[in-house]
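Below is one structure, written out as structure tokens; comments come after it.
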Amino acid sequence: MLWAAAVLLSAAPTLYFWTASILTGGETGGFFSTVSFGSSCPGWEIYDLVYFPAYPVIGLPLLATDGAPLVVLGCAGWWLGVRRGRLRLGRIIGRCVAVVLLVRYLPEFLLPTLDAALGPACRQQWGPPGLFDSLVGWGLYDSLPPLLMLLAVRAPRRGFVRRGPVARTAAAALAATAVVLLPAASAAAGRVSTARELGCAGYGDGTVTGLTTAERRFLCAVRGHDLPIYPSYGSPVEEWDEVTDEAVLAQGRHLCALATRHGGDLGARAVQEAPEASLAIKLASLCPAVAGAQQAEEDRQQAESDAYVAEKEKVCAALPRHRPAIRPVRQRRAMMWAEFWTIDGWEDGYEGNPPDLVRNLVGSDRGSLAIWAADEVGHACVTVESYTRRPPVETGGWEEVIEVAYESPTGSLELVDGYGQRLTGLTTRGPGSYRVRVHLRGRKLVTQVPDPPDGAVRILVEVFPGRAKKTVVYK
39 MLWAAAVLLS AAPTLYFWTA SILTGGETGG FFSTVSFGSS CPGWEIYDLV
89 YFPAYPVIGL PLLATDGAPL VVLGCAGWWL GVRRGRLRLG RIIGRCVAVV
139 LLVRYLPEFL LPTLDAALGP ACRQQWGPPG LFDSLVGWGL YDSLPPLLML
189 LAVRAPRRGF VRRGPVARTA AAALAATAVV LLPAASAAAG RVSTARELGC
239 AGYGDGTVTG LTTAERRFLC AVRGHDLPIY PSYGSPVEEW DEVTDEAVLA
289 QGRHLCALAT RHGGDLGARA VQEAPEASLA IKLASLCPAV AGAQQAEEDR
339 QQAESDAYVA EKEKVCAALP RHRPAIRPVR QRRAMMWAEF WTIDGWEDGY
389 EGNPPDLVRN LVGSDRGSLA IWAADEVGHA CVTVESYTRR PPVETGGWEE
439 VIEVAYESPT GSLELVDGYG QRLTGLTTRG PGSYRVRVHL RGRKLVTQVP
489 DPPDGAVRIL VEVFPGRAKK TVVYK
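FYI, the numbering for the sequence shown is 39 to 513, going by the numbering used here.
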């Protein structure tokens with residue numbers, strides 16, 4: 039029964055998380071931090087010297103899933119020893135497995151508890167209260183299976199046996215240590231600087247001394263007072279906003295050192311599984327390696343985006359130019375990227391919600407214009423022509439042609455795409471009344487084909503003065 043309980047206890051967490059992950063369709067676990075910033079907390083000093091260097095061994099399959107595979111092997115070894123009449127060998131196998139598991143998991147309970155007894159400053163090095171409780175709780179839980187194994191393989195005794203002097207001395211020492219150290223829990227906690235004291239986002243006097251600019255920014259970011267240019271602007275790292283400056287910085291430096299060993303890659307498994315991984319989203323402001331890796335990734339993505347845009351622009355530039363029946367004042371061509379179906383036109387001071395579309399092609403309002411250009415997201419080859427008088431209507435070669443009225447309050451209408459590219463100078467006579475005629479082809483192709491060819495959507499926009507208010511559908 040003791041062996042069955044040990045196996046069940048060791049396997050239960052993994053079975054639970056697997057089941058929850060299947061039912062919820064996502065991740066169910068997380069990681070938390072345990073980092074030291076000084077030499078006055080012996081629990082963490084021991085943990086840091088032993089646990090992290092042993093990470094490759096701890097990650098072995100036998101020690102994974104709360105040691106369940108090792109418990110099963112220990113049970114099998116003990117059972118085989120009993121079956122073959124070699125009870126002593128079976129007990130040795132069981133005890134060896136139990137000792138390995140105790141060495142692995144018992145420190146996660148004892149060492150944080152020791153530091154917590156030394157005072158709040160040492161306790162905070164193991165993370166926020168919820169994370170500290172989780173670490174201690176799981177360390178105690180994971181120590182139960184090996185304790186049950188030791189009970190299962192113990193040799194039967196005929197009567198009470200008085201413990202030896204070593205055991206009595208150890209018990210007395212532990213009791214005395216607890217009596218001496220527990221009063222230290224009332225020691226004062228470290229400083230938690232406010233946004234004004236740190237001078238976050240340029241506000242406040244920044245009275246905190248002894249911190250570098252990077253350290254100030256990191257503390258501001260962790261507490262949700264960072265600048266808009268940083269990731270997760272305005273969002274504090276959950277449960278870390280009330281941890282002391284010293285503890286947050288120490289944990290950040292430790293995570294930075296771990297990330298640096300992996301080239302600044304926050305996606306590396308060792309970084310993601312590090313206890314302090316929740317600080318990673320704010321780490322770039324403190325860690326040069328992470329900032330460099332993120333900048334390199336941004337540069338790579340920008341290069342890919344530029345190459346993609348250049349390819350589409352090349353396709354649009356290779357298409358035949360529109361030959362108007364009369365000479366326009368201006369003719370411009372561009373590849374324009376549409377997000378949420380449309381390319382928008384604005385005048386200064388009239389930016390806002392785009393107008394409703396007529397037959398899902400073009401819509402206008404005072405100071406604003408909207409033109410369908412993609413099946414939700416995509417690019418279109420756009421030609422814009424500005425006239426001082428009404429050009430002849432062209433319907434040949436176009437699938438849709440619609441003309442709407444447009445009122446220009448400033449005379450500065452421009453088309454703006456999803457990349458921020460602008461086609462300016464659409465109106466030729468300043469503020470006043472205009473007509474906007476939009477020609478389109480390629481809608482059927484992009485809505486019916488999953489991967490339409492480049493340059494499938496072509497748009498011709500003609501803008502000219504006109505007082506008529508009626509919408510005209512030519513095709």
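Virtual Cβ for every residue (Gly too), placed ideally from N, Cα, C.
Residues near residue i in its chain [Cβ-Cβ closer than 8 Å; skip 5 each side]
i      : result
ARG404 : TYR388, GLU445 and PRO447
ARG479 : GLY435, TRP436, GLU437, GLU438, VAL495 and ARG496
Supposed close pair residue i, residue j - CB separation, criterion 8 Å
i      : j      : result
GLU314 : HIS292 : 6 Å
VAL347 : TYR179 : Contact doesn't hold; Cβ gap of about 54 Å is too wide.
ILE497 : ALA408 : Not a contact, Cβ separation roughly 12 Å.
THR433 : GLN369 : Contact doesn't hold; Cβ gap of about 19 Å is too wide.
ILE440 : VAL511 : 5 Å
GLY468 : GLY449 : 3 Å
Sequence-distant residues of its chain with Cβ nearer than 7 Å to residue i (five each side left out)
i      : result
GLU500 : GLU423, TYR425, PRO429 and ARG475
First and last residue of the uninterrupted alpha helix (DSSP H) at residue i
i      : result
ARG556 : Because the chain in this structure spans residues 39 to 513, residue 556 falls outside the shown range and cannot be described.
PRO503 : Careful: PRO503 lies outside any alpha helix (DSSP H), inside the beta strand (DSSP E) at 496–503.
SER402 : Counting along the chain, SER402 falls outside any alpha helix (DSSP H), though it belongs to the beta strand (DSSP E) covering 400–403.
SER343 : 326–356
GLN289 : 283–298
VAL309 : 307–310
VAL422 : Careful: VAL422 lies outside any alpha helix (DSSP H), inside the beta strand (DSSP E) at 415–424.
THR485 : 481–486
VAL260 : 251–260
GLU235 : 233–236
Environment of residue i [buried if 16+ CB atoms lie within 10 Å]
i      : result
ARG505 : exposed
LEU139 : buried
GLU438 : buried
LEU317 : buried
ASP124 : The amino acid at residue 124 is misidentified as Asp; the sequence shows Arg. Label assigned to ARG124: exposed.
PRO366 : buried
ALA285 : buried
GLU146 : buried
ARG126 : exposed
PRO150 : buried
VAL281 : buried
GLY132 : buried
ILE381 : buried
SER273 : exposed
Delimiting residues of the beta strand (DSSP E) encompassing residue i
i      : result
ALA408 : 406–410
LEU453 : 452–454
GLN369 : 368–377
THR380 : 380–384
TYR444 : 438–446
Sequence-distant residues of the same chain with beta carbon closer than 6 Å to residue i, five excluded per side
i      : result
ASP279 : ARG261
GLY290 : PHE256, LEU317 and LEU324
LEU236 : VAL246, ARG254, LEU257 and CYS258
LEU451 : GLY383, GLU385, LEU464 and THR465
LEU46  : none
Chain D contact for residue i (CB, 7 Å cutoff)
i      : result
GLY132 : Reference to chain D is not applicable here, since this structure consists of a single protein chain.
Handout entry: Meets three-Cβ-pair contact criterion under 8 Å: the stretch 353–363 and the stretch 487–496
Key = Three or more Cβ pairs closer than 8 Å define a contact, and the stretch 353–363 meets that threshold against the stretch 487–496.
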